[in-house]
Structures are given as structure tokens and as C-alpha cells.
Amino acid sequence: MLIALSIIISYLIGSISFSYIITKKIKKIDIRKTGSGNAGATNTMRVLGTGPALGVLILDVLKGIVCVLIARGLGIDDWAVACSGLAAIIGHDFPVYFGFKGGKGVATTIGVFFMIMPLYALIAGVITILIIALTRFVSLGSLFFLLMTPILGWVLNHYSAGVLIVAFCITILAFYQHRANINRLIHGEENKLGHKKAQA
558 MLIALSIIIS YLIGSISFSY IITKKIKKID IRKTGSGNAG ATNTMRVLGT GPALGVLILD
618 VLKGIVCVLI ARGLGIDDWA VACSGLAAII GHDFPVYFGF KGGKGVATTI GVFFMIMPLY
678 ALIAGVITIL IIALTRFVSL GSLFFLLMTP ILGWVLNHYS AGVLIVAFCI TILAFYQHRA
738 NINRLIHGEE NKLGHKKAQA
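For the sequence shown, position 46 (counting from the first letter as 1) is numbered 603 according to the working numbering, and the numbering increases by one without interruption.
Here is the structure:
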């Protein structure tokens, strides 16, 4: 019962779309119908600028952190804690409050991975920042972080099979959400950070 409760709470918290709420408040528009159409921090930056985007990023990361903290507070097993993190990400991607159309879950995944695999998320995060700074491709850096964090946890064998399975499920979901970005990266059509043309 506690596991089910934690997962449900995490999904409902994850479903809070801060990019939608903030954009609606400031510009009276649906962020999912402008820019790239993605309800996330990168599209918020394109539509509203750096300040609001930073706020969205922090709040979305906090969603993942809070959900993991709640799960741990309920005293459930580590694999179930990871499942609660996954539920928060699913909520962000498919929010019940906003017609199940949300973002790609990167910021919320950052919060979850930093809670369940802090050292490896930090290592992957630092490299990710360098990748984005050098290439200006946010999607490329995000994909690296999403893949490298669980790989480090697996290779260095510091986590249970249950936690690793859930972590890789998070990665698979994120890659699915980024399928259009991956296709554009492969064909050299992905837009760089700072370009006015939005990426889908």
C-alpha cells in the first residue's frame, strides 16, 4: 500500500507543469502551442527568456527531489523509491492536469538521478555541461546525462538490480521522448541553443 501511495503521489506531483503555469501567467499563452511545443525549461527560455526558464528548471528538478524524499520518508525499498521517481517523470511527460501532454522530463530526471545516484549523476552532469557549452546542443547533452548516469551505476556495481532496472527504464522513456531530437541530430538538423528557430 505504501509503495502504491508513493507512486500515485509522485505522479500527481510530477504532473504539475510549471512551464505551462508560468507561461500562462506571464504571457497568457499555452507553451505547448508555441516555440518547440515542449513544456520544459528550454522552450520556456525561447518563449520567455532566461529568468523564467531558470525558475522552471529549478522547480522541475525539485519535483524529482521531493518525490524521492517522500518515498524515502515512507520507508519503502530502494527500488520502490526509484519507481516513485519514475512516476514523477511520467507525470511530467504525461500530466493528468493538462491533457497528458507535457514535456520530455529531463529536469525532473535530473532531480531523481541526483537523489538515487548522486555521485554518478554529478559526474555525468559536469560532462553534460561541457558538451552543451562546446556543441550548443541541449538535447545532445541531455541524452548523454540520461544514458551515462545509469551506466556508471551499473558498471561500478553500487546499486541493486531493481534500482538499475528502473534507472534504465527512465533512460528508455527519455530517449523515446527525444526521438525527434535524435533524428535531427543524426541528420545534422538539430537547432543549437540560442537559435531563434525552435526545436520540436
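Glycine included, each C-beta is placed from N, C-alpha and C at the ideal position.
Note that the structure is predicted; figures quoted are calculated from it, not measured.
Check, Outcome
"Own chain residues within Cβ distance below 6 Å of residue 559, not counting five before or after", "631, 633"
"Buried versus exposed call for residue 590 [16 or more other C-beta atoms within 10 Å across all chains shown]", "exposed"
"Residue burial classification, residue 715 (beta-carbon count within 10 angstroms, cutoff 16)", "exposed"
"When 740, 573, 749 are compared against residue 646, the one with the closest alpha-carbon", "573"
"Beta-carbon spacing of residue 709, residue 681 below 8 Å", "yes"
"Collapsed DSSP secondary structure at residue 591 in the structure displayed", "coil"
"Backbone secondary structure at residue 583 - three-state DSSP", "helix"
"Sequence-distant residues of its chain with Cβ nearer than 7 Å to residue 655 (five each side left out)", "574, 577"
"Segment contact flag, the region 675 to 691 with the region 593 to 602, C-beta cutoff 8 Å, min 3 pairs", "no"
"Close beta carbons around residue 721, own chain, < 7 Å, minus the five adjacent residues each side", "707, 710, 711"
"Same chain, Cβ closer than 6 Å to residue 741, neighbours up to 5 away in sequence not counted", "747"
"Local conformation of residue 656 per DSSP, three classes", "coil"
"For residue 743 and residue 564, the rounded distance between their alpha carbons", "36 Å"
"Range of the contiguous alpha helix (DSSP H) that encloses residue 704", "695 to 712"
"Near the ligand MN: residue 683 beta-carbon under 7 Å from a heavy atom", "What this structure holds is no ligand at all, so the ligand MN is not there to describe."
"Same chain, Cβ closer than 7 Å to residue 636, neighbours up to 5 away in sequence not counted", "717, 719, 720, 723"
"CA-to-CA distance, residue 608 to residue 753, given in whole angstroms", "Bear in mind that a pLDDT of 49 at residue 753, under 50, signals an unreliable position, so the number given afterwards is only what the model happens to contain. Approximately 17 Å between the Cα atoms of the pair."
"Expected contact under 8 Å - CB spacing of residue 685 and residue 671 to nearest Å", "Not confirmed; about 12 Å, so no contact."
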